[in-house]
Amino acid sequence: QPVAIEEILSDAVERFSISAEQKNIDISFRFNDHLPKIYGDRDQLDQVLDNLISNAVKYTPEERSITVSARRRSDGFVVVAVSDRGIGIPQKDLALIFERFYRVDKARSRNMGGTGLGLAIAREIIEAHGGSIDIDSRYGWGTTVHFTLPPYVPEVIR
Ligand code: ATP
Ligand code: MG
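Those letters in the sequence shown? Residues 452 to 609, by full-length UniProt numbering.
And the structure:
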C-alpha cells in the first residue's frame with residue numbers, strides 16, 4: 452500500500468521528542484515538497500525509524516543536534532537521512548556495524564543497553580522493500596545513516 456514518507460518521519464520524530472528533550476537534543480526534520488509516495492509496510496518502516504533515531508539519541512551527548520531529512524533522488528527513489536553529531540563510530544568497526552549483535556567496543560556499549568540488533572533489522576526491512584541502507588561516520592564527530600526506498604508506481608488500468 453502506498454504510504455507518505457513525510458508522515459512516517461514526522462511521527463517518528465514525535466515519538467522521540469521526550470527522550471531527546473531530556474538530553475537537550477534538538478531533532479530537526481526537513482523534506483522536499485513533492486516527495487513520491489513509497490510502497491511499504493507501515494509497521495516495518497516505523498521500526499526502521501525507531502531503530503535509527505533511537506541510536507542517534509542514545510549515541511549523542513547532551514546539547515547536540517539530530518537531523519532527519521528526506522529527498523527525492525533523480526531516479527525517483529526517496530533518500531532518507533538520519534544524521535547526528537554524536538560520538539561516531541571508528542573506521543574499523545563501520546564495515547561490521549550491520550551484523551547481528553555487533554556493537555562497537557563492549558565497554559562503551561555496556562551501560563547503553565540494547566542487543567546490537569537494531570541496524571541488522573533495519574537493513575533486512577529496507578532490503579525487503581527494494582531499497583538499500585548505508586552508514587557514514589567520523590569517530591568523535593557524528594554519524595549519518597542513509598536509506599533509500601523505491602517510489603510507489605500506481606498500476607495502470609488498461
Ligand atoms: P539495539 O539497537 O539492539 O538496542 P544497539 O543500538 O547497540 O542495540 P545497533 O542499533 O545495531 O545496536 O547498533 C550497533 C552498534 O553501532 C551500537 O552498539 C553502536 O556502537 C553503534 N552505533 C549505531 N548507531 C550509532 C550512532 N548513531 N552513533 C554512534 N554509534 C552508533
Ligand atoms: Mg540500536
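Virtual Cβ for every residue (Gly too), placed ideally from N, Cα, C.
{"Query": "Can you pull the DSSP bridge partners for residue 516?", "Result": "477"}
{"Query": "Considering only their Cβ atoms, is the gap separating residue 596 from residue 460 smaller than 8 Å?", "Result": "no"}
{"Query": "For residue 527, which option in 605, 452, 601, 607 has the closest C-alpha, if you only look at C-alpha atoms?", "Result": "601"}
{"Query": "Whose CB is closer than 7 Å to a heavy atom of ligand 2? List the residues in chain order.", "Result": "502, 505, 506, 509, 565, 569, 570"}
{"Query": "To which residues does DSSP link residue 593 through a beta bridge?", "Result": "589"}
{"Query": "Looking at C-beta atoms only, is the number of pairs between the segment 488 to 496 and the segment 532 to 546 that lie closer than 8 Å three or more?", "Result": "no"}
{"Query": "Report whether the distance from the Cβ of residue 599 to the nearest heavy atom of ligand 1 is below 7 Å.", "Result": "no"}
{"Query": "When you compare each of 523, 488, 511, 581 to residue 470 by their alpha carbons, which one comes out closest?", "Result": "511"}
{"Query": "When the Cα atoms are used, what is the spatial distance from residue 582 to residue 576?", "Result": "9 Å"}
{"Query": "How about the segment 466 to 482 and the segment 506 to 526: do they share at least three Cβ pairs that are nearer than 8 Å?", "Result": "yes"}
{"Query": "Measure the C-alpha to C-alpha separation of residue 514 and residue 453 and round it to an integer number of angstroms.", "Result": "37 Å"}
{"Query": "Going straight from the alpha carbon of residue 467 to that of residue 566, what length do you get?", "Result": "20 Å"}
{"Query": "Taking all protein chains shown into account, decide if residue 573 is buried (16 or more other Cβ within 10 angstroms of its Cβ) or exposed.", "Result": "buried"}
{"Query": "Looking at residue 529: is its Cβ nearer than 8 Å to the Cβ of residue 486?", "Result": "yes"}
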